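Undergrad:
Protein chains: 2
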Amino acid sequence: MDSRPVTVVVDAVGGDNAPSAVLAGVSDALAKDSGLRIILTGPAEVIEPFAAQQGDRVQTVACTEVIEMDEHPANAVRNKQDSSIVVGARLVKEGKASAFFSAGNTGAAMAAATLVMGRIKGVQRPAIATVVPTAGPPCVLLDVGANADCKPENLLQFAQMGAAYATVVLGVIGPRVALLNIGEEPTKGSQLAQAAHALMAERLPHFIGNVEGRDVLAGVSDVIVTDGFTGNVALKLLEGASMILLGQVKDAITSTPINTAASAVLKPALNRLRSRLDPDTYGGAPLLGVAGVCIIGHGSSKSTAVASAIAIAAQAGRGGLTEQIAAAVADN
Amino acid sequence: MDSRPVTVVVDAVGGDNAPSAVLAGVSDALAKDSGLRIILTGPAEVIEPFAAQQGDRVQTVACTEVIEMDEHPANAVRNKQDSSIVVGARLVKEGKASAFFSAGNTGAAMAAATLVMGRIKGVQRPAIATVVPTAGPPCVLLDVGANADCKPENLLQFAQMGAAYATVVLGVIGPRVALLNIGEEPTKGSQLAQAAHALMAERLPHFIGNVEGRDVLAGVSDVIVTDGFTGNVALKLLEGASMILLGQVKDAITSTPINTAASAVLKPALNRLRSRLDPDTYGGAPLLGVAGVCIIGHGSSKSTAVASAIAIAAQAGRGGLTEQIAAAVADN
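Protein sequence lines correspond, in order, to chains F and B.
FYI, the numbering used here numbers position 191 of the first sequence as 232, with every residue one higher than the one before it.
FYI, the numbering used here numbers position 113 of the second sequence as 154, with every residue one higher than the one before it.
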């Protein structure tokens, strides 16, 4: 375990279960990582009593404003400069912390990170990545929603940024990168996919070509690149499918009294599987391409999701994710 | 059960398991539907011995050519005019049958249907639809691969064609139609999705707005419309996810000897679920917008898939799918 000092700013009031789930997640993360330091942003009355119990590894920066989950992102960031999200991004920008985590308004966290931290030099469009559990090693999928319309050059950069993330956070050396497409041959797919394939084949050292929808969970690639429209549909489809399929399995195995008795034995194993597939287990999604580590949590994050997102933020900070991305993109 | 006479042309040599799976599927379909008649296309030595055993409900049109699974679709259709696929499409065009089914080269079947049958008047781009099992009623998803790049007007027509299919084949009166998008609000999504939303809101009587990836399996809509790139990724992702998740459930419930004993009791229920999720159970995908019913099967179709695809072809023929689509599209 890497125990070098690292500081993560945490938005104490972001998410549907804040502040209790966030503060519980902070406690868990601190217990697991002796080098971790936390700066909490949020209203003084929320963060100061908690920090007082935690000792000197938790600092606070009190804010007078809160961006609600349903506020218009850009307007909220513009008008609420003393909110937990904007102040959190600013602390990273000022070098007081290596990474920022929020499970609050996703659009506002993205807007704050982009506006306050700025983009890494050379990055055209930041992208949101997510780590998908597969039948093999986990896979970084991006963009999952930051850019609904993309150009081929954007997809090349997503590939470079996703590969840097796979190396720093998942520890993959020379990650295999694939393009999500609707056929295996280079000439298949939309105009965007065809042009992106040509560009990636020319410029990416570990490009393995196209993968199809059915390959996403097969573990054939360490990074899968797509536009933010397709990626967002794919991610939400997977989340929905996992929960509905497991629900149907549960219905099937409790359809008779004998089945129910038999399935009681299997409950622990099925619960472990459910938790492996639960997005909460994986915590947050990084916004890649901004000049500072920014990890965004699901609004529904519980304490385990918060703790794992903070651990990822710490690892990305220690591993120099921002510098790795800057170097990858500068190769162009 | 509708027992009016209807004739379906079946490509006897299409698919990885042809001709045995196709011929077995034909037998099953005939046994279940007393009004059904079949015309088989394929090499004489394959189809004639089978037809001789079946009596006068099975006719044959022998062909001298076969389009292989991996041939270039347009070239194959152009060069092999006496193939089972081209001849099958021609029999529908000539009014000798109401519908055509092939589990062969998908691109060639699409090309033959489009070139030989032609498009329905007013239809810009034919689309491939598929019926997705959901937590509620089944849902027609289209386009799942015919058109990687689309215009908003294409998506409007996909909606009209998908609604006609839901009515004729699934029996849904006034089907609810949704647009697959990455947010619920009309202003969310790609430029294509935003423009399509505006057009559909203006022109479709049963438009229910945007749905997200997580809603696809929730059963909230009878028809879900998207471009052929997103739809193909979504369909293949679902197929892959179902099989991988069920595999993981199997691993989980057989991870210890006690679990294995308990899970033996559950095997029949889980097998039923697996078969419900297996694409084979649903048979074929219709190519909507061509001037004749054309149902395309998975290359891997087994006899159950062939039988259910033939049943769907018969229903679409009896229900006047082509006329219903012509009427829906003419409303523009």
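Glycine is no exception: its CB is placed at the ideal position from the N, C-alpha and C atoms.
Being a predicted model, the structure only gives us computed values, none of them experimental.
(1) I need the DSSP call for residue 100 of chain B, collapsed to helix, strand or coil.
(2) Would you decide whether residue 308 of chain B is buried or exposed? Buried here means 16 or more other CB atoms lie within 10 Å of its CB.
(3) Pick helix, strand or coil for residue 327 of chain F, following the three-state DSSP scheme.
(4) List, from N- to C-terminal side, the beta strand (DSSP E) runs of 3 residues or more that fit wholly inside the stretch 215-251 of chain B.
(5) Is it buried or exposed, residue 120 of chain B, if we count other Cβ atoms within 10 angstroms and call 16 or more buried?
(6) Does the Cβ-Cβ distance between residue 275 of chain F and residue 261 of chain B come in under 8 Å?
(7) Kindly indicate which residue of F:185, F:271, F:312 has the alpha-carbon position closest to the one of residue 289 of chain B.
(8) I'd like to know if residue 271 of chain B contacts chain F, where contact means its C-beta is closer than 8 Å to some C-beta of that chain.
(9) When you compare each of B:343, B:149, B:190, B:196 to residue 183 of chain B by their alpha carbons, which one comes out closest?
(10) Assuming contact is defined by CB atoms lying nearer than 8 Å, are residue 70 of chain F and residue 60 of chain F in contact in what I supplied?
(11) For the beta strand (DSSP E) containing residue 63 of chain B, list its first residue and its last residue.
(12) Is the shortest distance between the beta-carbon of residue 341 of chain B and the beta-carbons of chain F less than 8 Å?
(13) Please classify residue 299 of chain B as buried or exposed, where buried requires at least 16 neighbouring CB atoms within 10 angstroms.
(14) For residue 77 of chain F, does the three-state DSSP call read helix, strand or coil?
(15) Closer than 9 Å, Cβ to Cβ, to anything on chain F: give me those residues from the stretch 160-174 of chain B, in chain order.
(16) Residue 306 of chain B versus chain F: which residues are under 7 Å apart at the beta carbon?
(17) Which value, in whole angstroms, describes the spacing of the CA atoms of residue 89 of chain F and residue 68 of chain F?
(18) For residue 177 of chain B, which residues in the same chain have their Cβ closer than 8 Å to its Cβ, ignoring the five residues on either side in sequence?
(19) Need the endpoints of the alpha helix (DSSP H) that residue 368 of chain B sits in, please.
(20) Write down the C-beta distance between residue 278 of chain B and residue 257 of chain F rounded to the nearest angstrom, noting that I regard them as a contact closer than 8 Å.
(21) I need the straight-line Cα distance from residue 105 of chain F to residue 76 of chain F, nearest angstrom please.
(22) Can you tell me which of the three DSSP states residue 359 of chain B falls into?
(23) How big is the Cα-Cα spacing for residue 125 of chain B and residue 131 of chain B?
(24) State the start and end residues of the unbroken alpha helix (DSSP H) segment that holds residue 283 of chain F.
(25) So residue 253 of chain F contacts chain B; which residues on that side make the cut at Cβ distance below 9 Å?
(26) CB-CB under 7 Å to residue 201 of chain B, same chain, minus the five flanking residues each way: which ones, in chain order?
(27) Jot down the residue ranges of each uninterrupted beta strand (DSSP E) in the stretch 87-139 of chain B, minimum 3 residues, whole runs only, in chain order.
(28) Within 10 angstroms of the Cβ of residue 109 of chain B, are there 16 or more other Cβ atoms? Answer buried if so, exposed if not.
(29) Do you know whose CA, among F:333, F:74, F:315, F:214, lies nearest residue 292 of chain B's CA?
(30) Is it true that the stretch 358-366 of chain F meets the stretch 208-222 of chain F, where meeting means three or more beta-carbon pairs spaced less than 8 Å apart?
(31) Of the residues that make up the stretch 210-244 of chain F, which ones have a beta carbon closer than 9 Å to any beta carbon in chain B?
(32) Whose C-alpha, out of F:144, F:148, F:142, F:103, is nearest the C-alpha of residue 118 of chain F?
(33) For the candidate residues B:155, B:47, B:326, B:187, whose alpha-carbon lies nearest to that of residue 136 of chain B?
(34) Which ranges would you report for the beta strand (DSSP E) in the stretch 151-177 of chain F if only whole runs of at least 3 residues count?
(35) Please list the partners that residue 258 of chain F has in chain B, where partner means a Cβ-to-Cβ separation under 7 Å.
(36) In the structure shown, what three-state DSSP assignment does residue 185 of chain F receive?
TA: Taking the coordinates as given:
(1) Here the question's residue 100 of chain B lines up with position 59 in the second sequence. Here residue 100 of chain B sits in strand by DSSP.
(2) To locate residue 308 of chain B, count along the second sequence from 1; it is residue 267. The residue is exposed, with fewer than 16 neighbouring Cβ atoms inside 10 Å.
(3) To locate residue 327 of chain F, count along the first sequence from 1; it is residue 286. DSSP places residue 327 of chain F in strand when its eight states are reduced to three.
(4) 218-221
(5) In the second sequence, counting from the first residue as 1, residue 120 of chain B sits at position 79. That one is exposed.
(6) For the purposes of this step, residue 275 of chain F is taken as the residue at position 234 of the first sequence. For the purposes of this step, residue 261 of chain B is taken as the residue at position 220 of the second sequence. Not in contact: residue 275 of chain F and residue 261 of chain B (Cβ atoms no closer than 8 Å).
(7) What you label residue 289 of chain B is simply residue 248 of the second sequence in a count that begins at 1. Considering only alpha carbons, the answer is F:312.
(8) Indexing the second sequence from 1 puts residue 271 of chain B at position 230. Yes, contact with chain F.
(9) Mapped onto the second sequence, residue 183 of chain B falls at position 142. Of B:343, B:149, B:190, B:196, the residue nearest in Cα terms is B:196.
(10) To locate residue 70 of chain F, count along the first sequence from 1; it is residue 29. To locate residue 60 of chain F, count along the first sequence from 1; it is residue 19. No, they are not a contact pair.
(11) Taking the first residue of the second sequence as position 1, residue 63 of chain B is located at position 22. From DSSP, residue 63 of chain B is part of no beta strand (DSSP E) but of the alpha helix (DSSP H) over 61-73.
(12) Counting from 1 along the second sequence, the entry for residue 341 of chain B is found at position 300. No - not a single Cβ of chain F is within 8 Å of the one on residue 341 of chain B.
(13) In the second sequence, residue 299 of chain B corresponds to position 258, counting from 1. Residue 299 of chain B should be labelled exposed.
(14) Position 36 of the first sequence holds residue 77 of chain F. Residue 77 of chain F: strand per DSSP, three-state reduction.
(15) none
(16) Position 265 of the second sequence, counted from the start, is the residue given in the question as residue 306 of chain B. Neighbours of residue 306 of chain B on chain F, chain order: 299, 300, 303.
(17) The sequence position of residue 89 of chain F within the first sequence is 48, counting from 1. The sequence position of residue 68 of chain F within the first sequence is 27, counting from 1. Going from the Cα of residue 89 of chain F to the Cα of residue 68 of chain F covers about 14 Å.
(18) As a first step, residue 177 of chain B must be located in the second sequence, where it is residue number 136. Within the same chain, residue 177 of chain B has close Cβ partners 259, 260, 261.
(19) As a first step, residue 368 of chain B is located in the second sequence; it is residue number 327 there, counting from the start. Residues 362-371.
(20) Taking the first residue of the second sequence as 1, we reach residue 278 of chain B at position 237. Taking the first residue of the first sequence as 1, we reach residue 257 of chain F at position 216. Their Cβ separation, rounded to whole angstroms, is 6 Å, which keeps residue 278 of chain B and residue 257 of chain F in contact under 8 Å.
(21) Taking the first residue of the first sequence as 1, we reach residue 105 of chain F at position 64. Taking the first residue of the first sequence as 1, we reach residue 76 of chain F at position 35. Taking the straight line joining both Cα atoms gives about 30 Å.
(22) Numbered from 1 along the second sequence, position 318 holds the residue referred to as residue 359 of chain B. If DSSP states are grouped into helix, strand and coil, residue 359 of chain B belongs with the helices.
(23) Along the second sequence, one-based indexing puts residue 125 of chain B at 84. Along the second sequence, one-based indexing puts residue 131 of chain B at 90. So the alpha carbons of these two residues sit roughly 10 Å apart.
(24) Residue mapping note: residue 283 of chain F aligns to position 242 of the first sequence, counting from 1. That run of the alpha helix (DSSP H) goes 269-294.
(25) In the first sequence, the residue the question calls residue 253 of chain F occupies position 212. Ordered by position in chain B, the residues that pass the 9 Å Cβ test against residue 253 of chain F are 273, 274, 277, 278, 281.
(26) By one-based count along the second sequence, residue 201 of chain B stands at place 160. Taken in chain order, the residues that qualify are 369, 370.
(27) 99-103
(28) In the second sequence, counting from the first residue as 1, residue 109 of chain B sits at position 68. Burial call: exposed.
(29) Within the second sequence, residue 292 of chain B is the residue found at index 251, counting from 1. Measuring from the Cα of residue 292 of chain B, the nearest candidate turns out to be F:315.
(30) yes
(31) 221, 222, 223, 224, 229, 230, 231, 232, 233, 234, 235
(32) Walking along the first sequence from the start, residue 118 of chain F turns up at place 77. Closest option to residue 118 of chain F, Cα to Cα, is F:148.
(33) If you number the second sequence from 1, residue 136 of chain B lands on position 95. Closest option to residue 136 of chain B, Cα to Cα, is B:47.
(34) 168-173
(35) Looking up residue 258 of chain F in the first sequence gives position 217. By Cβ distance, chain B contributes 281, 282, 285.
(36) Along the first sequence, one-based indexing puts residue 185 of chain F at 144. Residue 185 of chain F falls in the coil class under three-state DSSP.
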